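Just so you know, the sequence shown maps onto residues 34 to 243 in this note's numbering.
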Amino acid sequence: MGRHRAKAEAGFRLLFVCTGNICRSPFAEIITRHLIIGRLGGKAASAFVVSSAGVRAVHGSGMHPDSRAELAPWGLDGREAERFVARQLRSAMVLESDLVLGATPRHRSAIVERAPAALPIAFSLREFARLSEAVDPDELPEDPVERARALVELARAQRGLVPPPEDGDEIPDPISGPQAAHHSSALLIREAAQRVADVMLPAVPAVRGQ
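The structure is reproduced here in structure tokens:
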């Protein structure tokens, strides 16, 4: 998998997973990509490849319009969402990733079922956020890619030590709900993604705007 790639192959691959790959995981993909660019600048951010897939994807479909609408409050114009195409989760996608984040613990289980070797790098998004916050930032290197890889290792070591919230790290599926359901899920995703970015990405990037 990603951590076994040759060291000469620089970069960090992050894969988000939900059910249909039209609501939660594409929102997480797009919002996280922009968080990375905002923290690191374009040149450093290019080392991070962010993508998404679904365990029962609506293959070839675009992003759900109600989830897409939730990008606007964060200053995103929707052009990425217009180009988005849902895809089915494959074991190869998982095995080439450095970190795989499901929308719920059930998605994490589905990820590991498809690729058992991914157990060390598979989490639910909210789980990874709370485990990341338990990591001592002084233990993380400054280089963004090295820092991201180290965080995965150190967050995994926090499993069983940081209690989950009462809702069990769930991000509810808004697919059949009203706009308010998409809004609620988007807020949970944005909050968790921001928490991860705050730990994973250097607070003061060496170079910005490149």
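Ideal placement from N, C-alpha and C gives every residue a C-beta, glycine not left out. Bear in mind that the values here come from a model prediction, so they are computed numbers and not experimental data.
For residue 179, which residues of its own chain have a beta-carbon under 8 Å away from its beta-carbon, when the five flanking residues on both sides are left out? Counting from one through the sequence shown, the residue named residue 179 turns up at place 146. Cβ neighbours of residue 179 within its own chain (closer than 8 Å, five residues either side excluded): none.
What residues in its chain sit with their C-beta under 7 Å from that of residue 66, if we drop five residues either side in the sequence? Indexing the sequence shown from 1 puts residue 66 at position 33. Cβ neighbours of residue 66 beyond the five flanking positions: 83.
Check residue 46 in the structure and name its three-state DSSP category. Counting from 1 along the sequence shown, the entry for residue 46 is found at position 13. Strand, per DSSP.
Below 8 Å, how does it come out for the segment 143-151 and the segment 121-131: are there three or more Cβ pairs, yes or no? Yes, the segment 143-151 touches the segment 121-131.
Segment limits, beta strand (DSSP E) that includes residue 135: Counting from 1 along the sequence shown, the entry for residue 135 is found at position 102. Here the beta strand (DSSP E) through residue 135 covers 132-135.
Run of the beta strand (DSSP E) containing residue 83, from where it starts to where it stops: Locating residue 83 in the sequence shown gives position 50, where the first residue counts as 1. It spans 81-87 - the beta strand (DSSP E) in which residue 83 sits, taken as one unbroken run.
Going by alpha carbons, who is nearest to residue 224 out of 210, 136, 74, 187? Mapped onto the sequence shown, residue 224 falls at position 191. With distances taken between Cα atoms, residue 224 lies closest to 136.
Just checking my contact of residue 3 with residue 96 at CB under 8 Å: how many whole Å lie between their CB atoms? Any answer about residue 3 is impossible in this case: the structure gives the chain only from 34 up to 243.
Among 92, 162, 94, 104, whose alpha-carbon lies nearest the alpha-carbon of residue 132? For the purposes of this step, residue 132 is taken as the residue at position 99 of the sequence shown. The shortest C-alpha separation from residue 132 is found at 162.
Any idea what DSSP makes of residue 165, helix, strand or coil? Reading the sequence shown from its first residue, position 132 is the one you call residue 165. Residue 165 carries a helical assignment under DSSP once its states are collapsed to helix, strand and coil.
What number of angstroms, rounded off, separates the C-alpha of residue 196 from the C-alpha of residue 140? Translated into the one-based positions of the sequence shown, residue 196 becomes position 163. Translated into the one-based positions of the sequence shown, residue 140 becomes position 107. Cα to Cα, residue 196 sits roughly 19 Å from residue 140.
Buried or exposed (CB count within 10 angstroms, at least 16 for buried), residue 99: On the sequence shown, position 66 is the one that residue 99 refers to. It is buried - the Cβ of residue 99 has at least 16 other Cβ atoms within 10 Å.
Which word fits residue 175, buried or exposed, when buried means at least 16 other C-beta atoms lie within 10 angstroms of its C-beta? Numbered from its first residue, the sequence shown carries residue 175 at position 142. Exposed.
Residue 60, DSSP secondary structure in three states: As a working note, residue 60 is residue 27 in the sequence shown. Of the three classes helix, strand and coil, the one that applies to residue 60 here is helix, per DSSP.
Return the chain-ordered ranges of every alpha helix (DSSP H) run that is complete within the segment 156-212 and spans a minimum of 4 residues. Within the segment 156-212, the complete alpha helix (DSSP H) runs of at least 4 residues are 158-166, 177-189.
Alpha carbon to alpha carbon, how far is residue 159 from residue 111? Start at 1 with the first residue of the sequence shown, and residue 159 comes out as number 126. Start at 1 with the first residue of the sequence shown, and residue 111 comes out as number 78. Whole-angstrom Cα-Cα distance: 24 Å.
CB of residue 71 within 8 Å of CB of residue 119, strictly: On the sequence shown, position 38 is the one that residue 71 refers to. On the sequence shown, position 86 is the one that residue 119 refers to. Annotated as distal: residue 71 and residue 119, with beta-carbon spacing of 8 Å or more.
Among 156, 233, 168, which residue has its Cα nearest to the Cα of residue 203? As a first step, residue 203 is located in the sequence shown; it is residue number 170 there, counting from the start. Its Cα nearest to that of residue 203, the residue 156 stands out among 156, 233, 168.
Residue(s) in a DSSP beta bridge with residue 121: Position 88 of the sequence shown, counting from 1, holds the residue named residue 121. Residue 121 is bridged by DSSP to 87.
Cα-Cα separation, residue 1 to residue 186: Outside the shown range of the chain (34 to 243) lies residue 1, about which nothing can therefore be said.
Going by C-alpha to C-alpha distance, which of 206, 233, 68 sits closest to residue 107? Along the sequence shown, read from residue 1 onward, the residue named residue 107 stands at position 74. Closest by alpha carbon: 68.
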